[in-house]
Amino acid sequence: MTATLLFDMDGTIVESDHLHFRALRSVLMPHGIDLDWETYRTRVIGVANVVTAATFLPALSPAERAAVLDTKEAAYRAMITDLEAASGLLPLLDWADGEGIACAVVTNAPRANAELVLETLRMTNRFACLVIGEELPNAKPHPLPYLTAIETLEGDPARAIAFEDSPAGATSAFAAGVGVVGMLTSVESTALRNAGASVVAHDFNDPALLSYVRERTRGEPKRA
Numbered sequence: 635m636t637a638t639l640l641f642d643m644d645g646t647i648v649e650s651d652h653l654h655f656r657a658l659r660s661v662l663m664p665h666g667i668d669l670d671w672e673t674y675r676t677r678v679i680g681v682a683n684v685v686t687a688a689t690f691l692p693a694l695s696p697a698e699r700a701a702v703l704d705t706k707e708a709a710y711r712a713m714i715t716d717l718e719a720a721s722g723l724l725p726l727l728d729w730a731d732g733e734g735i736a737c738a739v740v741t742n743a744p745r746a747n748a749e750l751v752l753e754t755l756r757m758t759n760r761f762a763c764l765v766i767g768e769e770l771p772n773a774k775p776h777p778l779p780y781l782t783a784i785e786t787l788e789g790d791p792a793r794a795i796a797f798e799d800s801p802a803g804a805t806s807a808f809a810a811g812v813g814v815v816g817m818l819t820s821v822e823s824t825a826l827r828n829a830g831a832s833v834v835a836h837d838f839n840d841p842a843l844l845s846y847v848r849e850r851t852r853g854e855p856k857r858a
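Numbering (our numbering), first residue to last: 635 to 858.
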């Protein structure tokens, strides 16, 4: 059983929360909901679409909710023209490759979103597997997405690290027995630590993050 690095996508390997916010706000407005950033930041980031739809559109049927969120995801994908990987991510992935450490993306985003983001970042081949929470019986914050990634990679939870920007994602990873690094993209450090993050960092160059990776995987990541 090997060490693994497991990455959430939106807000972790790429800063895309602002695009998701704009897309969701646009589809909720016709339903009389004027979504603000604080509500989005605290109640939507990291949460599965089915839960978001039930929270904000309780009067609609499940099929109607799904249609609204499908429209939102299509609007989000239409906004993607150019993306940049989070600072320090590529050197960390290069180090992991050199150490033989498998990497995966574990996300609640729809597969179409995840594949488009990775393609736009030119990172499709940088991850050994892509786990889509909503394709499983339970998405984050349930531990199943991370347990699935570890099983697929034949990894050891005790030597695995998840990089997460939301309490829901951190809760999922922590419950799977994975070490958690909280990325300070949109959520405060206290919320991430309360959800299980051992370390919080602004990007993948952070010395505390790199030290934690070294200790948990028993390797030596180089700083970008």
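Just so it is clear, CB atoms sit at the ideal spot from N, CA and C, and this is done for glycine as well.
Contacting residues, own chain, Cβ-Cβ under 8 Å from residue i (five flanking each side not counted)
{"i": "Asn828", "result": "Pro801"}
{"i": "Thr705", "result": "Val661"}
Which of helix, strand or coil DSSP assigns to residue i
{"i": "Glu822", "result": "coil"}
{"i": "Met750", "result": "Correcting the residue identity first, residue 750 is Leu in this sequence and not Met. Leu750: helix per DSSP, three-state reduction."}
{"i": "Phe655", "result": "helix"}
{"i": "Met929", "result": "With the chain covering only 635 through 858, there is no way to say anything about residue 929."}
{"i": "Gly803", "result": "helix"}
{"i": "Lys856", "result": "Here the model assigns Lys856 a pLDDT of 48, short of 50, so the residue's position is not dependable, and the following value carries that caveat. The answer is coil: DSSP assigns Lys856 none of H, G, I, E or B."}
{"i": "Ala810", "result": "coil"}
{"i": "Ala709", "result": "helix"}
{"i": "Ala701", "result": "helix"}
Nonlocal neighbours in the same chain, by C-beta distance under 7 Å from residue i, ignoring five residues either side
{"i": "Thr782", "result": "Val765, Leu770"}
{"i": "Tyr780", "result": "Leu640, Val740, Ala796, Ser806, Ala807, Ala810, Val812"}
{"i": "Glu788", "result": "Met635, Thr636"}
{"i": "Ser845", "result": "none"}
{"i": "Trp671", "result": "Phe655"}
{"i": "Pro791", "result": "Ile784, Ala810, Gly811, Val812"}
{"i": "Arg850", "result": "Arg793, Ile795, Gly813"}
{"i": "Ser820", "result": "Gly645, Asp651, Arg675, Ile679, Asp799"}
{"i": "Leu818", "result": "Val834, Ala835, His836"}
{"i": "Leu669", "result": "Leu658, Arg659, Leu662"}
In DSSP terms, what residue i is bridged to
{"i": "Thr638", "result": "Ala736, Ala794"}
{"i": "Asp644", "result": "Val648"}
{"i": "Ile766", "result": "Thr741"}
{"i": "Met817", "result": "Ala835"}
{"i": "Pro720", "result": "Note on identity: in this sequence residue 720 is Ala, with Pro being the wrong assignment. Partner(s): none; Ala720 has no beta bridge."}
{"i": "Gly830", "result": "According to DSSP, Gly830 bridges with nothing at all."}
{"i": "Gly680", "result": "DSSP lists no partner for Gly680."}
{"i": "Gly666", "result": "For Gly666, which the question treats as bridged, DSSP gives no partner whatsoever."}
Cutoff 6 Å; reference residue i; Cβ partners in own chain excluding five residues on either side
{"i": "Ser650", "result": "Asp644"}
{"i": "Thr786", "result": "Cys763"}
{"i": "Ala687", "result": "Arg699, Leu703"}
Anticipated Cβ contact below 8 Å, residue i with residue j, distance rounded
{"i": "Glu768", "j": "Asn742", "result": "6 Å"}
{"i": "Gly732", "j": "Phe838", "result": "Actually they do not touch by this definition, with Cβ atoms about 16 Å apart."}
{"i": "Pro744", "j": "Glu707", "result": "5 Å"}
{"i": "Ala738", "j": "Thr638", "result": "7 Å"}
{"i": "Val815", "j": "Ala831", "result": "6 Å"}
{"i": "Ile714", "j": "Val684", "result": "The Cβ separation is near 23 Å, so there is no contact."}
{"i": "Val648", "j": "Leu724", "result": "Contact flag wrong, Cβ pair sits at about 12 Å."}
{"i": "Ala682", "j": "Ala804", "result": "About 15 Å separates the two Cβ atoms, so there is no contact after all."}
{"i": "Tyr710", "j": "Leu653", "result": "6 Å"}
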